[in-house]
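Novice: Have a look at the structure that comes next, please.
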Amino acid sequence: MMDREGLGDLPTFDMDTLSRKPMVMMDEQDEDDYQYITKMYGPVAREVLEYIEDACDQLEYKGSMMFDEYMDRTGILVLADHIYDKIKEKEKEDCIKKDRLLYQMVCTLLGGELYHRRCRYRRKRRMFSE
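The sequence shown maps to residues 163 to 292 in this note's numbering.
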């Protein structure tokens with residue numbers, strides 16, 4: 163606090179607080195858009211996305227490979243294999259073509275989810291590190 167010509171101790175206004183507000187609003191808007199779009203996924207994609215979100219939740223910590231500047235392709239494929247194996251346990255049908263399509267869906271949705279969380283992580287890091 164500082165004394166301004168006889169006005170006493172007045173709090174100084176932090177201008178950085180104002181500049182963060184639009185970033186928070188953009189983050190909320192991006193999150194709302196993402197949630198809206200994922201609700202339009204087909205039933206199989208939504209079910210696969212649940213497994214992917216669970217796996218990503220376990221990786222959402224500081225120092226995780228998910229937040230490395232350059233993610234390791236092998237690590238991501240191992241993660242995709244793990245997710246695929248969990249889904250495969252629940253799947254009853256044995257259809258080679260369907261399996262390949264399901265695996266490709268897992269890889270695609272996993273990439274999208276990782277991208278989404280990396281963007282959110284970077285925005286929040288910038289917002290609170292300044």
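Glycine residues also receive a C-beta, built at the ideal position from the N, C-alpha and C atoms.
1. Is DSSP giving Glu190 helix, strand or coil here?
2. As a quick exercise: from Ile249, Phe229, Ser226, Val268, pick the residue whose alpha carbon is nearest that of Ala242.
3. Is the number of C-beta pairs between the stretch 181-195 and the stretch 235-253 that are closer than 8 Å three or more?
4. Throw me the rounded Cβ distance for the Leu271 and Ala207 pair, which I believe falls under 8 Å.
5. Mind checking Ile245: buried by the 16 CB within 10 Å criterion, or exposed?
6. Are Arg285 and Asp189 closer than 9 Å when you measure CB to CB?
7. With a 10 Å radius around its C-beta and 16 neighbouring C-beta atoms as the bar for buried, classify Ile199 as buried or exposed.
8. I'd like to know whether the C-beta atoms of Glu253 and Cys218 end up nearer to each other than 9 Å.
9. Please state the DSSP three-state secondary structure of Asp216.
Specialist: Once the coordinates are examined:
1. Three-state DSSP puts Glu190 in a helix.
2. Minimum Cα distance to Ala242 is reached at Val268.
3. As far as the Cβ criterion goes, the stretch 181-195 does not touch the stretch 235-253, which means the pair count is below three.
4. About 7 Å; that satisfies the 8 Å criterion.
5. The residue is buried, with at least 16 neighbouring Cβ atoms inside 10 Å.
6. Yes, the Cβ-Cβ distance between Arg285 and Asp189 is below 9 Å.
7. That one is exposed.
8. Against a cut-off of 9 Å, the Cβ pair of Cys218 and Glu253 comes out as no contact.
9. Here Asp216 sits in helix by DSSP.
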